[in-house]
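Colleague: Sharing a structure with you now.
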Amino acid sequence: MEIKDIELSEKEFSMVKERIFEVAGISLSDAKRTLVISRLSKVIKNLSINSFLDYLDFLKSSKASKKDAQDFVNALTTNLTRFYREDHHFDHLENYIKQIIGTKPRTSNNGKPRLRIWSAGCSSGQEPYTIAMCLYNKFPELKRWDFKILASDIDTEVLKKAAGGIYPETELAGLSANRAKMFERPGNGTIVIPKYIRETVIFKPLNLFHKWPIKGPFDAIFCRNVAIYFDKPIQNQLFSQLSEVLAPDGFMYIGHSENVGRNNPQFSLSGKTLYQYNAPQNSRAVA
Ligand SMILES: C[S@@+](CC[C@H](N)C(=O)[O-])C[C@H]1O[C@@H](n2cnc3c(N)ncnc32)[C@H](O)[C@@H]1O
């Protein structure tokens, strides 16, 4: 059944913008007005509420549950992603991990060589699974490593999809045979992420705008097409916080229209939208 949109006044639109900024650091542009109406109308109707104003009052009240607050956020995120998006990053990652394998990798408590990567703002999982697939394809020995990818997002709906590891077969479009062979194909129009790859990726809900319960260090961080939704001060704060959990000389990969600023001493530009962390000299010995 088609859901009729609810009218949104300028004042109500400003209130929606204020709330998503306060909760998630997201700056919604005026161009997102139609999206706000269509996405939130469904949520509002499901609550049997009739106007944006009543809905926003409801969210502030003690009647609203955590799920109601989360539904508001889930409705307003943009989750566009795909396998091997901006694939020059994966060529660079392969070369970088080759160097780590060839030199002396860090070791875990269990004595195994350790590799940690974070996909921050992972959406429905294509990014972290691409990281795992491209690395296992190139370096099968990583199956014997302590190799984990943390994949986090503020949107709990996309994380559910991500954890399932099942996608429509159409998502293989444009992938080479070498890349496509990493997926299982049960023959029912879907592609499935193999178990050993799903077990490498740990999905967690995490708001990048809040304090993180994360220590690192990560050898690489992918935070791509996420900062674009934040204003400059929040972007700067985000990149600075990400540098704190990167290993010395670790790499950060960002989206095609993002940059960390020309004069940021924490990072050196190493290629198109990829940066190496310049750790302070005295921190190099500890990671
Ligand atoms: C366009 S997707 C990018 C997905 C993937 N990184 C890529 O480049 O293909 C942006 C993701 O950032 C997430 N996001 C937005 N604000 C966030 C926040 N404050 N904390 C964590 N994730 C956030 C959204 O939920 C969305 O899934």
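In the numbering used here, the protein residues as written are 293 to 579. For glycine and all other residues, C-beta sits at the position ideal for the given N, C-alpha and C. From a predicted model like this one, the values you see are computed outputs, not experimental measurements.
Any idea if Pro509 is buried or exposed, counting beta-carbon neighbours within 10 angstroms, 16 or more meaning buried?
Modeller: Numbered from its first residue, the sequence shown carries residue 509 at position 217. Buried is the call here.
Colleague: For ligand 2, any of its heavy atoms closer than 8 Å to the Cβ of Arg516?
Modeller: Ligand 2 is absent from the structure shown, which contains only ligand 1.
Colleague: Which residues in the same chain have their Cβ closer than 7 Å to the Cβ of Asp523, if we skip the five residues on either side of it in sequence?
Modeller: Reading the sequence shown from its first residue, position 231 is the one you call residue 523. For Asp523, where only same-chain residues beyond five positions count, the Cβ hits under 7 Å are Ser319.
Colleague: For Arg439, which residues of its own chain have a beta-carbon under 7 Å away from its beta-carbon, when the five flanking residues on both sides are left out?
Modeller: For the purposes of this step, residue 439 is taken as the residue at position 147 of the sequence shown. In the sequence as displayed, the identity of residue 439 is Phe instead of Arg. Answer for Phe439: Leu407 and Thr492, listed in chain order.
Colleague: Identify the residues that DSSP records as bridge partners of Thr448: which are they?
Modeller: Position 156 of the sequence shown holds residue 448. In the DSSP output, where bridge partners are listed per residue, Thr448 has none listed.
Colleague: Contact defined as beta carbons within less than 8 Å: I believe Phe382 pairs with Cys426. What is the distance between those atoms, to the nearest angstrom?
Modeller: As a working mapping, residue 382 is identified with position 90 in the sequence shown. As a working mapping, residue 426 is identified with position 134 in the sequence shown. About 5 Å separates the two Cβ atoms, so the contact holds.
Colleague: Could you say which of Thr422, Glu310, Thr448 and Phe531 lies nearest to Met544 if we only look at CA atoms?
Modeller: Position 252 of the sequence shown, counted from the start, is the residue given in the question as residue 544. Answer by Cα proximity: Phe531.
Colleague: Taking the DSSP output, what are the residues bridged to Gly563?
Modeller: In the sequence shown, counting from the first residue as 1, residue 563 sits at position 271. Answer is Leu566, bridged to Gly563.
Colleague: How about Phe501 and Ile485: are their beta carbons less than 9 Å apart?
Modeller: On the sequence shown, residue 501 is found 209 positions in, with the first residue counted as 1. On the sequence shown, residue 485 is found 193 positions in, with the first residue counted as 1. No.
Colleague: So, with DSSP's three-state summary, where would you put Cys515?
Modeller: As a position in the sequence shown, residue 515 is number 223, starting the count at 1. Of the three classes helix, strand and coil, the one that applies to Cys515 here is strand, per DSSP.
Colleague: Assign Arg516 to buried or exposed, taking buried as 16 or more other Cβ atoms, counted over all protein chains shown, within 10 Å of its Cβ.
Modeller: For this step, residue 516 is matched to residue 224 along the sequence shown. Buried, because 16 or more other Cβ atoms sit within 10 Å of the Cβ of Arg516.
Colleague: Any heavy atom of ligand 1 closer than 8 Å to the CB of Gln362?
Modeller: Position 70 of the sequence shown, counted from the start, is the residue given in the question as residue 362. For ligand 1, not one heavy atom lies less than 8 Å from the Cβ of Gln362.
Colleague: Please say whether Val328 and Val315 have beta carbons closer to each other than 9 Å?
Modeller: The count along the sequence shown starts at 1 and reaches residue 315 at position 23. The count along the sequence shown starts at 1 and reaches residue 328 at position 36. Cβ distance not < 9 Å, so Val315 and Val328 don't count as in contact.
Colleague: Going along the chain, which residues of its own chain have a beta-carbon closer than 7 Å to the beta-carbon of Lys507, five neighbours each way excluded?
Modeller: Numbered from 1 along the sequence shown, position 215 holds the residue referred to as residue 507. The residues are Val537.
Colleague: Excluding five sequence neighbours on each side, which residues of the same chain lie with their C-beta closer than 7 Å to the C-beta of Asn555?
Modeller: Walking along the sequence shown from the start, residue 555 turns up at place 263. Around Asn555: no qualifying Cβ.
Colleague: According to DSSP, simplified to helix, strand and coil, what is Lys309?
Modeller: Counted from its first residue, the sequence shown places residue 309 at position 17. If DSSP states are grouped into helix, strand and coil, Lys309 belongs with the helices.
Colleague: Taking the alpha helix (DSSP H) that Met425 belongs to, which residues open and close that run?
Modeller: Counted from its first residue, the sequence shown places residue 425 at position 133. Element bounds for Met425: Gln418 to Lys430.
Colleague: Fully enclosed by the region 465-498, which alpha helix (DSSP H) runs are 4 residues long or longer?
Modeller: For the region 465-498, whole alpha helix (DSSP H) runs of length 4 or above, ordered along the chain, are 469-472 and 487-490.
Colleague: Considering just the uninterrupted stretch of the alpha helix (DSSP H) at Ser411, what are its terminal residues?
Modeller: Taking the first residue of the sequence shown as position 1, residue 411 is located at position 119. Careful: Ser411 lies outside any alpha helix (DSSP H), inside the beta strand (DSSP E) at Arg406 to Ala412.
Colleague: Put Ile341 into one of helix, strand or coil per three-state DSSP.
Modeller: In the sequence shown, counting from the first residue as 1, residue 341 sits at position 49. Residue state, collapsed to three classes: coil.
Colleague: Can you tell me where the beta strand (DSSP E) with Asp322 in it begins and where it stops?
Modeller: Here residue 322 refers to the residue found at position 30 when the sequence shown is read from its first residue. Taken as a continuous stretch (DSSP letters only), Asp322 belongs to no beta strand (DSSP E), as it is neither H nor E.
Colleague: Name the DSSP beta bridge partners of Pro460, please?
Modeller: Counting from one through the sequence shown, the residue named residue 460 turns up at place 168. Bridge partners of Pro460: Thr482.
Colleague: Is Lys359 helix, strand or coil when you go by DSSP?
Modeller: Translated into positions along the sequence shown, residue 359 becomes position 67. Helix.
Colleague: Is any heavy atom in ligand 1 found nearer than 8 Å to the beta carbon of Val484?
Modeller: Indexing the sequence shown from 1 puts residue 484 at position 192. Checking every heavy atom of ligand 1 against the Cβ of Val484, none is found closer than 8 Å.
Colleague: Bridge partners of Phe510, per DSSP?
Modeller: Numbered from 1 along the sequence shown, position 218 holds the residue referred to as residue 510. Paired residue(s): Leu538.
Colleague: Can you tell me where the alpha helix (DSSP H) with Leu385 in it begins and where it stops?
Modeller: As a position in the sequence shown, residue 385 is number 93, starting the count at 1. From DSSP, the alpha helix (DSSP H) with Leu385 extends over His380 to Gly394.
Colleague: Compute every distance between the C-beta of Val450 and the non-hydrogen atoms of ligand 1, then say whether any falls below 8 Å.
Modeller: Position 158 of the sequence shown, counted from the first residue, corresponds to residue 450. It does: the Cβ of Val450 is within 8 Å (strictly closer) of some heavy atom of ligand 1.
Colleague: Please state if the CB of Glu299 and the CB of Phe344 are separated by a distance shorter than 9 Å.
Modeller: Counted from its first residue, the sequence shown places residue 344 at position 52. Counted from its first residue, the sequence shown places residue 299 at position 7. Their beta carbons are under 9 Å apart, which means Phe344 touches Glu299 by this criterion.
Colleague: Considering only the alpha carbon of each residue, which of Tyr488, Leu339 and Val518 lies closest to Lys435?
Modeller: Residue numbering aside, residue 435 sits at position 143 when the sequence shown is read from its first letter. Of the listed residues, the one whose Cα sits closest to Lys435 is Tyr488.
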